[in-house]
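Undergrad: Quick note, the sequences are listed as chains A and B, same order.
With the working numbering, letter number 35 in the first sequence gets 35, and the count goes up by one each step, no holes.
Add 116 to a position in the second sequence, counting from 1, and you land on the number used in the working numbering.
Just so you know, even glycine gets a beta-carbon here, dropped at the ideal spot from N, CA and C.
Take a look at the following structure, please.
There are 2 protein chains.
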Amino acid sequence: MFDPVCPSPLVPFRVGDKWASLILRCLEDGPRRFSELKVPLRGITSKSLTQSLRSLERDGFVVRAEHETPERRVEYALTPLGRGLLGPLDAACEWTREHWDELIDAQEAGLSRVPV
Amino acid sequence: MFDPVCPSPLVPFRVGDKWASLILRCLEDGPRRFSELKVPLRGITSKSLTQSLRSLERDGFVVRAEHETPERRVEYALTPLGRGLLGPLDAACEWTREHWDELIDAQEAGLSRVPV
Numbered sequence: 001m002f003d004p005v006c007p008s009p010l011v012p013f014r015v016g017d018k019w020a021s022l023i024l025r026c027l028e029d030g031p032r033r034f035s036e037l038k039v040p041l042r043g044i045t046s047k048s049l050t051q052s053l054r055s056l057e058r059d060g061f062v063v064r065a066e067h068e069t070p071e072r073r074v075e076y077a078l079t080p081l082g083r084g085l086l087g088p089l090d091a092a093c094e095w096t097r098e099h100w101d102e103l104i105d106a107q108e109a110g111l112s113r114v115p116v
Numbered sequence: 117m118f119d120p121v122c123p124s125p126l127v128p129f130r131v132g133d134k135w136a137s138l139i140l141r142c143l144e145d146g147p148r149r150f151s152e153l154k155v156p157l158r159g160i161t162s163k164s165l166t167q168s169l170r171s172l173e174r175d176g177f178v179v180r181a182e183h184e185t186p187e188r189r190v191e192y193a194l195t196p197l198g199r200g201l202l203g204p205l206d207a208a209c210e211w212t213r214e215h216w217d218e219l220i221d222a223q224e225a226g227l228s229r230v231p232v
């Protein structure tokens, strides 16, 4: 998941910051601990993950739950609103998949033409 | 259009930077000059508009055309790829409109709960 060579930065839609939509996707199948999020999100720093999670919490898309039993454990989960976001996110990803070649061609042509 | 009290920053989807999706929307009905984009995009600086347009050009969503007749004129227009983006953008806006009250409630609750 989220292979370093995956060109997901090409996706022209963003939810929140760079990592937010990937975090939502990681939580799709159920709650995850901080460390369980860090593994699939290769290359994310603890600081970035903390900031993205706080931002998602603040917007009401993710909830942080502390469990005391059997051992102390903190987990992050999608709220119903956060789960709702996955629908339009899927539509955006689908559009990107359909236009993949055009997006890559356009970026390659643009990089050689437009000053950065 | 784009009234300063409009809570469009609530829309949890972004295309490119803060202004990019608004620029695409401004170009929906046809090509526009730089000055014609600046008026509806209240509060945008020339520097930000230049940067956003360059970024949209680089990604192949917008094209810059110079006309020499009848007078010299530079216009910006959507490419077919850029126009295609409006579909999923509409879907994202529609989702946002449907969940407006939840988004506002969640943000208000989040701001009082989660440290910034």
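1. Grab the span of the alpha helix (DSSP H) containing A:Leu-119 for me, first residue to last.
2. Using a Cβ-Cβ cutoff of less than 8 Å, which residues in the same chain neighbour A:Pro-4 once the five nearest sequence positions on both sides are dropped?
3. Between which two residues does the alpha helix (DSSP H) carrying A:Arg-58 extend?
4. Quick one: does A:Arg-14 have its CB under 8 Å from some CB of chain B?
5. Once you ignore the five residues that flank A:Ala-16 on each side, which residues in its own chain have a CB closer than 6 Å to its CB?
6. On a Cα-Cα basis, can you pick out the residue from B:Pro-186, B:Gly-203, B:Gly-200 and B:Glu-182 that is closest to B:Tyr-192?
7. Would you mind reading off the limits of the alpha helix (DSSP H) that contains B:Glu-152?
8. If you follow the beta strand (DSSP E) that A:Arg-14 is part of, which residue opens it and which one closes it?
9. Counting only Cβ-Cβ distances shorter than 8 Å, please list the residues of the stretch 170-199 of chain B near chain A, keeping chain order.
10. Taking 8 Å as the cut-off, decide whether the C-beta atoms of B:Ala-136 and B:Ser-168 are in contact.
11. Please say whether A:Gly-60 and B:Trp-211 have beta carbons closer to each other than 8 Å?
12. Is the separation between the beta-carbon of B:Leu-197 and that of A:His-99 shorter than 8 Å?
13. So what does DSSP say about B:Glu-182, is it helix, strand or coil?
14. Buried or exposed: which applies to B:Ala-225, given that a residue is buried once 16 or more other Cβ atoms fall within 10 Å of its Cβ?
15. By alpha-carbon positions, which one of A:Asp-90, A:Ile-104, A:Glu-71 and A:Arg-64 ends up nearest to A:Phe-34?
16. With DSSP run on the structure shown, which of helix, strand or coil describes B:Arg-229?
17. Any idea what DSSP makes of B:Arg-158, helix, strand or coil?
18. Beta-carbon separation of A:Gln-107 and B:Arg-199 under 8 Å?
19. Taking the alpha helix (DSSP H) that A:Arg-25 belongs to, which residues open and close that run?
TA: On the basis of the coordinates in this document:
1. Residue coverage of chain A in this structure runs from 1 to 116, which leaves residue 119 of chain A outside it and unanswerable.
2. For the purposes of this step, residue 4 of chain A is identified with residue 4 of the first sequence, where counting begins at 1. Any reading at A:Pro-4 is ruled out, since the residue's pLDDT is 44, under 50, leaving its predicted position unreliable.
3. Sequence index remark: in the first sequence, residue 58 of chain A carries index 58 (1-based). Run containing A:Arg-58: 46-58, per the alpha helix (DSSP H) assignment.
4. Here residue 14 of chain A corresponds to residue number 14 of the first sequence, with the count starting at 1. Yes, because at least one Cβ of chain B sits closer than 8 Å to the Cβ of A:Arg-14.
5. Mapped onto the first sequence, residue 16 of chain A falls at position 16. The sequence given here places Gly at residue 16 of chain A; Ala does not occur at that position. Ser-55, listed in sequence order.
6. Mapped onto the second sequence, residue 192 of chain B falls at position 76. The candidate whose alpha carbon is nearest that of B:Tyr-192 is B:Glu-182.
7. Here residue 152 of chain B corresponds to residue number 36 of the second sequence, with the count starting at 1. Element bounds for B:Glu-152: 150-154.
8. For the purposes of this step, residue 14 of chain A is taken as residue 14 along the first sequence, with counting starting at 1. Here the beta strand (DSSP E) through A:Arg-14 covers 13-15.
9. Arg-170, Glu-173, Arg-174, Asp-175, Gly-176, Phe-177, Thr-195 and Leu-197
10. Along the second sequence, read from residue 1 onward, the residue named residue 136 of chain B stands at position 20. Along the second sequence, read from residue 1 onward, the residue named residue 168 of chain B stands at position 52. Yes, these two residues count as a Cβ contact at 8 Å.
11. Translated into the one-based positions of the second sequence, residue 211 of chain B becomes position 95. Translated into the one-based positions of the first sequence, residue 60 of chain A becomes position 60. In this structure, A:Gly-60 does not lie closer than 8 Å to B:Trp-211 by Cβ.
12. For the purposes of this step, residue 197 of chain B is taken as residue 81 along the second sequence, with counting starting at 1. For the purposes of this step, residue 99 of chain A is taken as residue 99 along the first sequence, with counting starting at 1. Contact flag set, yes.
13. On the second sequence, position 66 is the one that residue 182 of chain B refers to. In this structure, B:Glu-182 counts as strand in the three-state DSSP scheme.
14. Here residue 225 of chain B corresponds to residue number 109 of the second sequence, with the count starting at 1. Exposed.
15. Translated into positions along the first sequence, residue 34 of chain A becomes position 34. The residue with the shortest Cα to Cα distance from A:Phe-34 is A:Arg-64.
16. On the second sequence, position 113 is the one that residue 229 of chain B refers to. The answer is helix: DSSP assigns B:Arg-229 an H, G or I state.
17. Taking the first residue of the second sequence as position 1, residue 158 of chain B is located at position 42. It is coil, neither helix nor strand.
18. Here residue 107 of chain A corresponds to residue number 107 of the first sequence, with the count starting at 1. Here residue 199 of chain B corresponds to residue number 83 of the second sequence, with the count starting at 1. For A:Gln-107 and B:Arg-199, no; Cβs fall outside 8 Å.
19. Here residue 25 of chain A corresponds to residue number 25 of the first sequence, with the count starting at 1. Its alpha helix (DSSP H) spans residues 20-26.
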